[in-house]
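A.B. asks:
2 protein chains.
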Amino acid sequence: MKDILPTITTGPLPASRKIHLPGEIHDLSVPMREIAISGETPLVVYDSSGPYTCSNAPIDIATGLGDVRGGWLQARGEIEAYDGRPVAAADNGFASGAHLTPAFPQRRRPLRAVGDRAVTQLAYARAGIITPEMEFVAIRENEARRAAPPRDGEAFGAELPDLVTPEFVRAEIAAGRAIIPANINHRELEPMIIGRNFKVKINANIGNSAVTSSMEEEVEKMVWAIRWGADTVMDLSTGRNIHNIRDWIIRNAPVPIGTVPLYQALEKVGGVAEDLTWEIFRDTLIEQAEQGVDYFTIHAGVRLHMIPMTAKRVTGIVSRGGSIMAKWCLHHHRESFLYEHFEEICEICRRYDVSFSLGDGLRPGSIADANDEAQFAELRTLGELTRIAWARDCQVMIEGPGHVPLHKIKANMDEQLKHCHEAPFYTLGPLTTDIAPGYDHITSAIGAAMIGWFGTAMLCYVTPKEHLGLPDRDDVKTGVITYKLAAHAADLAKGHPGAQRRDDALSRARFDFRWEDQFNLGLDPDTARAMHDETMPKEAHKLAHFCSMCGPKFCSMRISHDIRAEAEKQQGMETMAAKFREGGALYVPAEGAGQ
Amino acid sequence: MKDILPTITTGPLPASRKIHLPGEIHDLSVPMREIAISGETPLVVYDSSGPYTCSNAPIDIATGLGDVRGGWLQARGEIEAYDGRPVAAADNGFASGAHLTPAFPQRRRPLRAVGDRAVTQLAYARAGIITPEMEFVAIRENEARRAAPPRDGEAFGAELPDLVTPEFVRAEIAAGRAIIPANINHRELEPMIIGRNFKVKINANIGNSAVTSSMEEEVEKMVWAIRWGADTVMDLSTGRNIHNIRDWIIRNAPVPIGTVPLYQALEKVGGVAEDLTWEIFRDTLIEQAEQGVDYFTIHAGVRLHMIPMTAKRVTGIVSRGGSIMAKWCLHHHRESFLYEHFEEICEICRRYDVSFSLGDGLRPGSIADANDEAQFAELRTLGELTRIAWARDCQVMIEGPGHVPLHKIKANMDEQLKHCHEAPFYTLGPLTTDIAPGYDHITSAIGAAMIGWFGTAMLCYVTPKEHLGLPDRDDVKTGVITYKLAAHAADLAKGHPGAQRRDDALSRARFDFRWEDQFNLGLDPDTARAMHDETMPKEAHKLAHFCSMCGPKFCSMRISHDIRAEAEKQQGMETMAAKFREGGALYVPAEGAGQ
């Protein structure tokens with residue numbers, strides 16, 4: 001496996017080092033990224049990149065990441081190791097010989113709850129227990145802050161605390177307003193939380209398709225996505241080798257991994273939707289739960305009577321899972337097995353603590369179809385299913401659209417809060433116009449920032465290749481950075497107490513012409529530096545008090561410094577302010593002149 | 001000059017041809033772009049690209065574009081040709097010999113109003129006259145529509161008519177709510193309108209800097225920017241050859257050209273702000289007015305008593321013009337010559353119909369400084385100046401920020417409407433976070449889409465190089481497309497009666513797997529096609545009923561078609577809807593289960 005290693009991107013980001021904060025209740029080591037700033041206290045920021053950005057972590061994807069949670073799980077009890085379901089040839093699409101991706105070398109016996117216990121974070125939260133996962137995310141969310149600056153924002157009902165405490169995390173989970181997706185079989189996980197009273201998170205999708213893509217590529221895509229800030233990763237692989245590739249991804253993933261189990265189930269029946277059965281689907285759920293998948297997208301909200309509601313749509317059903325289930329329902333003339341067996345699905349999820357991501361199978365695929373009858377009918381069903389899952393101690397979030405023009409975005413959040421009882425909302429974009437293929441990371445970042453501001457807890461990224469093809473490495477990075485900035489814009493607007501620290505640090509660096517700090521504090525130091533160096537490549541230019549945009553004579557920031565120096569020389573800006581205030585009204589406003 | 005030609009990009013966009021619509025009141029030929037769609041009526045869209053996208057227009061930048069407005073101006077009378085101000089060596093920064101950009105070969109005597117007449121669109125509008133410019137923009141805005149679909153949007157007080165009539169244009173201009181920037185010396189202009197009851201427009205900045213850039217490059221940047229949809233172009237050149245380069249740009253520009261005359265004035269005094277005088281500035285205004293500049297950014301709102309208000313800012317003064325004037329004011333201990341001589345500036349502008357773009361010299365340069373005392377104090381002064389300009393029949397728009405977090409954007413629009421009496425707002429972004437250098441086209445597109453929705457009439461683009469360096473050709477294109485999609489998202493949200501036609505046409509193409517139509521209807525067909533072809537390059541793939549994102553088995557759109565076929569076969573979706581409606585409530589919602 002040695003020849004695989006060079007393809008995995010490792011090492012710290014510029015001027016950054018990994019630090020670890022301890023727990024107070026539990027024995028924890030919570031990773032953070034510390035960015036050095038010249039002449040200022042280093043800035044500690046949230047860090048989802050895992051051990052890959054340590055300066056000296058031994059990374060070997062054939063070994064996988066270290067065991068973070070094993071001890072915690074052991075201490076909690078209520079779980080048992082068992083042999084697990086044998087891997088079937090169908091799990092990998094009957095790939096064989098050279099076509100078969102090798103199994104992950106280390107095989108661990110899977111864990112499950114003893115008897116009918118619920119080993120979910122929700123069950124513990126309701127029982128008043130603060131798990132290590134809960135304390136871990138509390139520390140993480142605070143980004144080493146000890147205080148909060150004065151509030152400034154409009155939170156639309158979200159209640160962001162000055163500092164997140166473990167008890168606050170527990171209470172939010174108990175209320176169903178937040179989830180920690182953390183399958184007990186994903187011991188490599190560095191826990192994170194999704195809820196509207198926490199930092200807005202982003203998800204990156206990876207996965208091979210009919211067009212082949214290797215296991216190494218997918219692991220690297222995951223590592224690459226979290227390097228730039230993805231908080232969770234969904235493996236949307238279809239095609240062959242799906243089981244083995246997933247194993248490689250999870251064993252190397254410090255972030256929650258989500259899947260759409262229906263995709264693999266469909267592969268098992270040769271791509272014929274009508275041939276899907278509950279038994280095959282159920283078996284796939286167990287297969288993936290044993291591997292450690294942290295959340296399942298389940299399209300149980302697509303009901304038979306809703307399908308005709310899509311008849312007059314411009315773009316029909318655009319969710320893969322939604323369309324597959326709709327086809328099944330129509331062919332068999334019955335409600336989907338996902339809906340009919342939803343309680344049984346809950347029984348599986350509670351034994352492994354797989355969180356639900358209730359899929360929006362009828363989301364709009366065009367501006368024209370936004371907020372229509374089909375979409376909101378499904379949303380109400382997702383609200384019903386949320387109650388059912390909660391009754392079984394399962395953690396739930398709700399997926400949302402899609403394509404929605406600006407003026408219809410808020411209604412999505414309002415309806416979701418109303419019908420889904422404040423379960424976290426997890427949206428794809430939404431795209432705010434359909435006319436820019438090739439730029440849909442941007443059409444959707446506009447909608448994402450807004451819906452994040454309104455209360456959406458996690459934003460699923462969209463890459464420039466949306467609607468056109470499979471994203472490559474550059475597209476993944478562009479999508480992640482774009483969504484990080486959208487999520488951050490939302491945090492700022494909500495009045496997140498820690499969000500503006502980074503903006504201010506970067507702005508101070510900008511005003512002081514500390515170019516290196518400006519690059520390093522940005523979301524993508526490499527790109528910022530490369531762009532600067534295109535026109536001013538020399539090292540000496542990194543100290544220049546101007547850039548090529550305006551040149552030295554026209555640099556407003558340089559002149560601003562001159563102004564301050566001049567003012568101080570004269571008598572201090574403050575006294576001048578009083579002196580000049582409203583001095584000399586040269587013009588008397590000509591009221592009504594323009595009418 | 002023959003060797004220059006190959007660098008200018010010409011020819012139609014894919015599947016597009018130029019059509020021309022006639023006037024009813026005046027003899028006009030209004031250019032539009034018609035996009036062919038297979039099996040559908042062609043879509044006619046707004047087209048700011050000028051003759052460069054005709055299939056066979058003879059383009060020779062040494063001749064310049066044809067005379068569009070000469071006859072109109074002649075017919076109106078009230079104007080006279082005169083010798084004009086002689087070009088001085090200082091106008092080109094004393095460049096000489098091989099360093100001197102050659103003068104534009106054709107020299108025309110400039111026009112000005114006779115006596116103290118106002119030859120502005122505002123003066124005519126107030127007099128009840130519908131000019132050819134007004135009818136031209138009315139036709140343009142309608143995009144060949146003859147009807148409007150039912151309304152859907154939230155316009156925040158904007159009143160978008162179903163169809164724009166010439167009289168509506170006249171009334172909006174008379175009220176000061178819209179402007180047609182159209183210097184009588186810019187006869188090559190295809191008129192356009194800026195106002196919140198019209199389509200949201202975008203501006204692209206070009207211009208050389210201390211780092212050299214040739215005349216050919218700047219002309220091509222302008223042509224390139226309008227090819228992708230820039231509605232106006234600002235020439236922000238500094239350095240040498242500024243006069244001659246501007247001449248080349250204007251003579252070849254079908255869109256309004258804006259400038260910041262202060263930049264050239266500063267060059268004339270060797271870059272020493274304190275040495276600026278009213279006389280040098282005044283002379284520069286006349287120089288540029290004679291060349292045909294359509295709008296001037298004038299930073300007359302920066303008053304002496306406001307400068308100390310910036311003392312505690314994180315990023316001081318970030319407007320180039322604002323910082324130059326602040327330095328001048330502070331040095332001389334007096335109000336700026338722009339403020340003191342504002343009435344005289346109006347006297348110049350009314351003789352040529354140069355519109356004002358009242359500069360926001362104190363706009364915030366960071367999230368931390370947004371909506372502060374200095375910014376809003378200046379805005380109120382801009383409102384005063386608006387009245388003064390209107391009293392002299394000058395057209396006015398107001399520049400706005402800058403860096404503003406999402407929750408503070410609306411206040412900018414509200415304050416502007418309140419204090420500037422509904423004069424059109426023209427904003428830079430705003431950027432909604434400071435932490436993404438290299439991606440500020442996106443941080444700002446989020447703010448731009450929102451403020452456009454709230455009522456901003458024109459959005460000044462930001463390129464990926466913002467804060468880092470001078471944009472190149474690719475950056476200009478990225479900036480323009482990004483802002484086109486933001487402006488369009490705003491139009492959709494305002495409920496512009498024609499906006500959704502293009503989204504719907506593209507979505508229908510998408511649903512029908514008409515790949516070529518999907519590319520061609522997008523803002524950037526070349527990029528969309530290239531992205532698609534990366535994974536599915538063959539011509540046959542352009543007919544494929546799937547793409548590489550999902551592959552054939554998982555294509556939701558393909559399955560949607562199957563679903564419709566199946567439903568029709570069974571008995572029609574409509575009857576099924578009734579049959580299945582709310583059939584079988586399997587689950588009774590467990591009220592309160594999650595609390």
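As they're listed, the protein sequences go chains A and B. If you read the first sequence in full-length UniProt numbering, its first letter stands for residue 1, the second for the next number, and so on. If you read the second sequence in full-length UniProt numbering, its first letter stands for residue 1, the second for the next number, and so on. Backbone N, C-alpha and C define an ideal beta-carbon position, used for all residues, glycine too.
When the Cα atoms are used, what is the spatial distance from B:R107 to B:G321?
C.D. replies: Residue numbering aside, residue 107 of chain B sits at position 107 when the second sequence is read from its first letter. Residue numbering aside, residue 321 of chain B sits at position 321 when the second sequence is read from its first letter. The alpha-carbon atoms of B:R107 and B:G321 are separated by roughly 30 Å.
A.B. asks: If you draw a straight line from the alpha carbon of A:T9 to that of A:W224, how long is it in whole angstroms?
C.D. replies: Here residue 9 of chain A refers to the residue found at position 9 when the first sequence is read from its first residue. Here residue 224 of chain A refers to the residue found at position 224 when the first sequence is read from its first residue. The straight-line gap from Cα to Cα measures roughly 7 Å.
A.B. asks: CB A:A230 to CB A:I193, shorter than 9 Å?
C.D. replies: As a first step, residue 230 of chain A must be located in the first sequence, where it is residue number 230. As a first step, residue 193 of chain A must be located in the first sequence, where it is residue number 193. Not a contact, by the Cβ cut-off of 9 Å.
A.B. asks: In chain A, which residues lie less than 9 Å from B:Q264 when you measure between Cβ atoms?
C.D. replies: Along the second sequence, read from residue 1 onward, the residue named residue 264 of chain B stands at position 264. Neighbours of B:Q264 on chain A: none; closest Cβ ~11 Å, over 9 Å.
A.B. asks: Could you say which of B:D162, B:S49 and B:A57 lies nearest to B:K494 if we only look at CA atoms?
C.D. replies: Working through the second sequence from its first residue, we reach residue 494 of chain B at position 494. With distances taken between Cα atoms, B:K494 lies closest to B:D162.
A.B. asks: List the whole-angstrom C-beta distance separating B:M215 from B:P166, where the pair is believed to meet the contact cut-off of C-beta under 8 Å.
C.D. replies: On the second sequence, residue 215 of chain B is found 215 positions in, with the first residue counted as 1. On the second sequence, residue 166 of chain B is found 166 positions in, with the first residue counted as 1. No, B:M215 and B:P166 are not in contact; Cβ-Cβ is about 37 Å, not under 8 Å.
A.B. asks: Among A:Y339, A:I242 and A:L160, which residue has its Cα nearest to the Cα of A:D91?
C.D. replies: To locate residue 91 of chain A, count along the first sequence from 1; it is residue 91. Looking at the Cα atoms, A:I242 is the closest of the given residues.
A.B. asks: Pick helix, strand or coil for B:A449, following the three-state DSSP scheme.
C.D. replies: By one-based count along the second sequence, residue 449 of chain B stands at place 449. Taken through DSSP and simplified to helix, strand or coil, B:A449 comes out as helix.
A.B. asks: Can you tell me whether B:L189 is buried or exposed? The criterion is at least 16 other CB atoms within 10 Å of its CB, across all chains shown.
C.D. replies: Along the second sequence, read from residue 1 onward, the residue named residue 189 of chain B stands at position 189. Result: buried.
A.B. asks: What does A:I242 reach in chain B if we use C-beta pairs closer than 7 Å?
C.D. replies: Taking the first sequence and counting its residues from 1, the one referred to as residue 242 of chain A is at position 242. The contacting residues do not exist; A:I242 stays about 12 Å from chain B at best.
A.B. asks: Give the range of the beta strand (DSSP E) segment to which A:M397 is assigned.
C.D. replies: The residue you call residue 397 of chain A lines up with position 397 of the first sequence. It spans V396 to G400 - the beta strand (DSSP E) in which A:M397 sits, taken as one unbroken run.
A.B. asks: Taking all protein chains shown into account, do 16 or more other C-beta atoms lie within 10 angstroms of the C-beta of A:G270, making it buried, or fewer, making it exposed?
C.D. replies: In the first sequence, counting from the first residue as 1, residue 270 of chain A sits at position 270. Classification for A:G270: exposed.
A.B. asks: Taking the alpha carbon of B:R392 as the reference point, which residue from B:V354, B:A182 and B:M458 has its own alpha carbon closest?
C.D. replies: Here residue 392 of chain B corresponds to residue number 392 of the second sequence, with the count starting at 1. Nearest C-alpha to B:R392: B:V354.
A.B. asks: For B:Q518, which residues in the same chain have their Cβ closer than 8 Å to its Cβ, ignoring the five residues on either side in sequence?
C.D. replies: As a position in the second sequence, residue 518 of chain B is number 518, starting the count at 1. For B:Q518, where only same-chain residues beyond five positions count, the Cβ hits under 8 Å are L506, A509, R510 and A528.
A.B. asks: Between B:W224 and chain A, is the shortest Cβ-Cβ distance under 9 Å, so that the two count as touching?
C.D. replies: Walking along the second sequence from the start, residue 224 of chain B turns up at place 224. Not a single C-beta of chain A is nearer than 9 Å to the C-beta of B:W224.
A.B. asks: Residues of the region 17 to 43 of chain B in Cβ contact with chain A at a cutoff of 8 Å, in chain order, please.
C.D. replies: Result list empty, no residue passes.
A.B. asks: Excluding the five sequence neighbours on either side, which residues of its own chain have a C-beta within less than 6 Å of the C-beta of B:K418, listed in chain order?
C.D. replies: Locating residue 418 of chain B in the second sequence gives position 418, where the first residue counts as 1. If we look at B:K418 and ignore the five residues flanking it on each side, it has no Cβ neighbours.
A.B. asks: Within a Cβ cutoff of 7 Å, which residues of the same chain sit near B:R69, ignoring the five residues on either side of it in sequence?
C.D. replies: Reading the second sequence from its first residue, position 69 is the one you call residue 69 of chain B. R187 and L189.
A.B. asks: DSSP puts B:E141 in a beta bridge; with which residues?
C.D. replies: In the second sequence, counting from the first residue as 1, residue 141 of chain B sits at position 141. Its beta-bridge partners do not exist; DSSP assigns none.
A.B. asks: DSSP three-state call for A:E78: helix, strand or coil?
C.D. replies: By one-based count along the first sequence, residue 78 of chain A stands at place 78. A:E78 falls in the coil class under three-state DSSP.
A.B. asks: What whole-angstrom Cβ distance do A:T427 and A:L459 have, given they're in contact under 8 Å?
C.D. replies: The residue given as residue 427 of chain A occupies position 427 in the first sequence. The residue given as residue 459 of chain A occupies position 459 in the first sequence. In this structure A:T427 touches A:L459 by the C-beta definition: roughly 6 Å separates them, less than 8 Å.
A.B. asks: Check this for me: beta carbons of B:R352 and B:A113, under 9 Å apart or not?
C.D. replies: The sequence position of residue 352 of chain B within the second sequence is 352, counting from 1. The sequence position of residue 113 of chain B within the second sequence is 113, counting from 1. The question names Arg, but residue 352 of chain B in the sequence shown is Tyr. Closer than 9 Å, so yes.
A.B. asks: Could you run through the region 508 to 528 of chain B and flag, in chain order, every residue whose CB is less than 8 Å away from some CB of chain A?
C.D. replies: R508, R510, F511, Q518, F519, L521, G522, L523, D524, T527 and A528
A.B. asks: Which of the residues in the region 270 to 302 of chain B, read from start to end, lie with their CB under 8 Å from any CB of chain A?
C.D. replies: G271 and A273
A.B. asks: Return the CA-CA distance between A:A593 and A:P42, expressed in angstroms with no decimal places.
C.D. replies: In the first sequence, counting from the first residue as 1, residue 593 of chain A sits at position 593. In the first sequence, counting from the first residue as 1, residue 42 of chain A sits at position 42. Because A:A593 carries a pLDDT of 36, less than 50, the predicted location of this residue cannot be relied on, and the following value inherits that uncertainty. Distance between the alpha carbons of A:A593 and A:P42: 55 Å.
A.B. asks: Looking at the structure shown, is B:K569 part of a helix, part of a strand, or coil, going by DSSP?
C.D. replies: On the second sequence, residue 569 of chain B is found 569 positions in, with the first residue counted as 1. The answer is helix: DSSP assigns B:K569 an H, G or I state.
A.B. asks: Could you please give the first and the last residue of the uninterrupted beta strand (DSSP E) stretch that includes B:I202?
C.D. replies: Here the question's residue 202 of chain B lines up with position 202 in the second sequence. Looking at the DSSP string, the run of the beta strand (DSSP E) that includes B:I202 is K201 to I206.
A.B. asks: Quick one: grab the DSSP three-state call for B:G592.
C.D. replies: Indexing the second sequence from 1 puts residue 592 of chain B at position 592. Confidence at B:G592 is low in this model, with a pLDDT of 38, below 50, so the placement of that residue should be treated as unreliable; the coordinate-derived value is given next. If DSSP states are grouped into helix, strand and coil, B:G592 belongs with coil.
A.B. asks: Hey, could you find the ends of the alpha helix (DSSP H) A:P525 is sitting in?
C.D. replies: Taking the first residue of the first sequence as 1, we reach residue 525 of chain A at position 525. For A:P525, the uninterrupted alpha helix (DSSP H) run begins and ends at P525 to T535, by DSSP.
A.B. asks: Output needed for A:M234: all residues of its chain with C-beta closer than 8 Å, excluding positions within five of it in sequence on either side, in chain order.
C.D. replies: For this step, residue 234 of chain A is matched to residue 234 along the first sequence. These residues qualify, in order along the chain: N203, A204, N205, I206, G207, I257, G258, T259, V260, T297 and C460.
A.B. asks: Pick from B:I61, B:I451, B:E566 and B:A81: whose alpha carbon is nearest that of B:A155?
C.D. replies: By one-based count along the second sequence, residue 155 of chain B stands at place 155. Nearest C-alpha to B:A155 among B:I61, B:I451, B:E566 and B:A81: B:I451.
A.B. asks: Should A:G128 be flagged as near chain B, meaning a C-beta pair shorter than 9 Å?
C.D. replies: Here the question's residue 128 of chain A lines up with position 128 in the first sequence. Not one chain B Cβ lies under 9 Å of A:G128.
A.B. asks: Bridge partners of B:T232, per DSSP?
C.D. replies: As a working mapping, residue 232 of chain B is identified with position 232 in the second sequence. B:T232 is bridged to B:N203.
A.B. asks: Show which residues of chain B have a CB atom less than 9 Å away from the CB atom of A:P464.
C.D. replies: Stepping through the first sequence from its first residue, residue 464 of chain A is reached at position 464. Chain B residues near A:P464: T527 and M531.
A.B. asks: Could you tell me the boundaries of the beta strand (DSSP E) in which A:T349 lies?
C.D. replies: For the purposes of this step, residue 349 of chain A is identified with residue 349 of the first sequence, where counting begins at 1. The sequence given here places Cys at residue 349 of chain A; Thr does not occur at that position. Premise fails: A:C349 lies in the alpha helix (DSSP H), F342 to Y352, not in any beta strand (DSSP E).
A.B. asks: Whole alpha helix (DSSP H) runs in the region 404 to 473 of chain B with 4 or more residues, listed along the chain?
C.D. replies: Here the runs fully enclosed are 409 to 419 and 440 to 454.
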